[in-house]
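A.B. asks:
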Amino acid sequence: MARLASVLLEQIPDAPVEALYLPVSTHPKIKHITDALFATPGDRTTLRQWAVRLATSERSLARLVQSETGVSFGRWRQQLHLVIALRHLAEGQSVQNVAGTLGYDSVSAFITMFKKALGKSPTQYFASFR
Numbered sequence: 001m002a003r004l005a006s007v008l009l010e011q012i013p014d015a016p017v018e019a020l021y022l023p024v025s026t027h028p029k030i031k032h033i034t035d036a037l038f039a040t041p042g043d044r045t046t047l048r049q050w051a052v053r054l055a056t057s058e059r060s061l062a063r064l065v066q067s068e069t070g071v072s073f074g075r076w077r078q079q080l081h082l083v084i085a086l087r088h089l090a091e092g093q094s095v096q097n098v099a100g101t102l103g104y105d106s107v108s109a110f111i112t113m114f115k116k117a118l119g120k121s122p123t124q125y126f127a128s129f130r
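Just so we're aligned, residue 1 is where the sequence shown starts under UniProt numbering, counting upward by one.
1. Consult DSSP for V72 and reduce its assignment to one of helix, strand or coil.
2. Going by DSSP, what residue range makes up the alpha helix (DSSP H) through S108?
3. Taking 8 Å as the cut-off, does the region 106 to 125 touch the region 38 to 57 (at least 3 CB pairs, one atom from each stretch)?
4. Got a sec? Which residues, its chain only, sit under 8 Å from P13 by beta carbon, not counting five neighbours each side?
5. List in chain order: all unbroken beta strand (DSSP E) runs of 3+ residues lying wholly within the region 20 to 55.
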């Protein structure tokens, strides 16, 4: 497994840059969201719900996320899921387990997201590194 992780890390530069890029921010509100979602990646809290928790409007939070990260909240969350998925899959976790961890309702929904982002299913993606 260590060999697979090593090969994966060597191959990451060849992967589509945008698909593997997770913009981060030190802004306290965004950092709060980031920390919470890294701790519980399956959390489906909406932007509106985050805004209420952070005592701001949904529109203000959407603008803040966009200005701090360069992407929308939905796109940012998808990127987070992709980064976490790659880490877990490289560690040898099953696609089913990773899909569940990330809060996907079905394995096929997770595979569709993964394939849209990286152009291959998780199995095909990791097979290309062997």
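The beta-carbon is built from N, C-alpha and C at its ideal position, and this holds for glycine as well.
C.D. replies: With the given structure in hand:
1. On the sequence shown, residue 72 is found 72 positions in, with the first residue counted as 1. Reading the sequence as shown, one finds Ser at residue 72 and not Val. Of the three classes helix, strand and coil, the one that applies to S72 here is coil, per DSSP.
2. The sequence position of residue 108 within the sequence shown is 108, counting from 1. Looking at the DSSP string, the run of the alpha helix (DSSP H) that includes S108 is 107 to 118.
3. no
4. One-based indexing of the sequence shown puts residue 13 at position 13. With a pLDDT of 45 at P13, under the threshold of 50, the modelled position of that residue is not reliable, and the figure given next carries that caveat. Excluding positions up to five away in sequence, the list is empty.
5. none
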